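In the working numbering, the protein residues as written are 1 to 337.
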């Protein structure tokens, strides 16, 4: 690549980064804060407890207006903040991947949906003497979803054109082993500190939401608490994985032993070394599925890519991924000899 081309790509990456920050971070947070300030300005007109949950029979949960404000701001700030991780690596051209663009406009849509929906649900309660008479907020949520969709479509075209070039890959030569030798490689991959902090924040929000629902007497509060506990338990089981490759094939097993992925050598058609950006390529961290590719995504960088005989692909970013690919290539060569 020429020096001029590299410079052009760096300039394109700067433009991409600035526009994604505007669409995915700045605008969503500004909109959420504006909605929060509007709700705060209505506090003197609101009852001490407002309706925060509706069921088939009407209002079935009440709480402080500050709960609505806190949830609105926290969800938008966390979602937008998480997207900052995606700004580290774009395509080689400096343009965003389709996933970058989709996440960016989703952030804007979510902010508008929540801001309009929550502000609308509070606005209709001003001056009410009995919050049980609060009207259903569904029309406001639908309005927020519609406005958000229009803004998201417009934002899609504001962002640079997506780069659909396949991920950068390297063909690694097989490890040199004798006909009577067997090579085996194993390693572990753990979620990074940033991912752990983000998951902790999301977990805290889920727990607070479940507790608020339970205390407010909302219908289905017990179910909400159980769902939150199950989600958190599943997340904890997938924060550390042991990856192994050799004559048995390839396997990735979580710390708890489940979930696990095991691919026999007979079901593997090839292996490559690829570079992975979690948000850009897979839309986040954890056990992910995008198109015909699945990934155990705990970190960015070099990854072992295993192609199954049916064409499906497993991707695992891990330290020393190049050696893992070489060992698996050696096992495949021995199988086919």
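We put the beta carbon where it would ideally sit given N, CA and C, even for glycine.
As the structure is a computational prediction, the values presented were derived from the model and not from experiment.
Residue burial classification, residue i (beta-carbon count within 10 angstroms, cutoff 16)
i	result
residue 173	exposed
residue 136	exposed
residue 309	exposed
residue 306	buried
residue 184	exposed
residue 304	buried
residue 347	Beyond the ends of the chain as shown, which are 1 and 337, falls residue 347; an answer cannot be given.
residue 330	buried
residue 1	Per-residue confidence for residue 1 stands at a pLDDT of 48, beneath the threshold of 50, marking its modelled position as unreliable; no derived number is given.
residue 39	buried
residue 272	buried
residue 41	exposed
residue 157	exposed
residue 317	buried
residue 266	exposed
residue 144	buried
residue 139	exposed
residue 339	A query on residue 339 cannot be resolved here, the shown segment of the chain reaching from 1 to 337 and no further.
residue 10	exposed
residue 120	buried
residue 342	Outside the displayed range of the chain (1 to 337) lies residue 342, so it cannot be described from this structure.
residue 204	exposed
Beta carbon of residue i nearer than 8 Å to that of residue j
i	j	result
residue 96	residue 159	yes
residue 69	residue 36	yes
residue 169	residue 59	no
residue 100	residue 280	yes
residue 235	residue 199	yes
residue 45	residue 126	yes
residue 261	residue 314	yes
residue 186	residue 240	no
residue 324	residue 245	yes
residue 62	residue 52	yes
residue 98	residue 164	yes
Option nearest residue i by Cα separation, candidates the options
i	options	result
residue 50	231, 240, 295, 131	131
residue 326	249, 116, 276, 192	249
residue 153	108, 31, 273, 274	108
residue 82	238, 141, 20, 13	20
residue 275	24, 320, 264, 289	320
residue 191	204, 175, 284	284
residue 238	255, 231, 246	255
residue 243	12, 231, 259, 146	259
residue 17	337, 161, 202, 229	161
residue 299	252, 193, 257	193
residue 337	32, 179, 78	179
residue 155	322, 22, 56	22
residue 78	197, 57, 149	197
residue 230	124, 270, 207	207
residue 43	122, 54, 55, 118	122
residue 302	290, 171, 176	171
residue 54	151, 288, 118, 251	118
residue 406	151, 175, 124, 150	Outside the displayed span of the chain (1 to 337) sits residue 406, for which this structure offers no information.
residue 195	278, 252, 253	278
For residue j and residue i, believed in contact at Cβ under 8 Å, the rounded distance
i	j	result
residue 332	residue 268	6 Å
residue 356	residue 297	With the chain covering 1 to 337 only, the question about residue 356 has no answer from this structure.
residue 110	residue 73	In fact, because the Cβ distance is near 13 Å, the residues do not count as touching under 8 Å.
residue 141	residue 113	7 Å
residue 147	residue 105	Incorrect: roughly 13 Å between the Cβ atoms, too far for contact.
residue 47	residue 128	6 Å
residue 103	residue 13	That belief does not hold up - the Cβ atoms of residue 103 and residue 13 are roughly 17 Å apart, past 8 Å.
residue 31	residue 80	In fact, because the Cβ distance is near 10 Å, the residues do not count as touching under 8 Å.
residue 182	residue 247	5 Å
Below-8 Å beta-carbon distance, residue i vs any chain B residue
i	result
residue 278	Given the protein chain composition of this structure (a single chain), no chain B is represented.
Problem - In chain order, each alpha helix (DSSP H) run of at least 4 residues that lies wholly inside the segment 6 to 65 - result: 27 to 41
Handout entry: Every unbroken beta strand (DSSP E) inside the segment 153 to 194 [3 residues or more]
Key = 184 to 190
Exercise for the section: Output the residue ranges of the beta strand (DSSP E) runs that lie fully inside the segment 239 to 272 and measure 3 residues or longer, sorted by chain position. Expected result: 240 to 246, 249 to 254, 260 to 264
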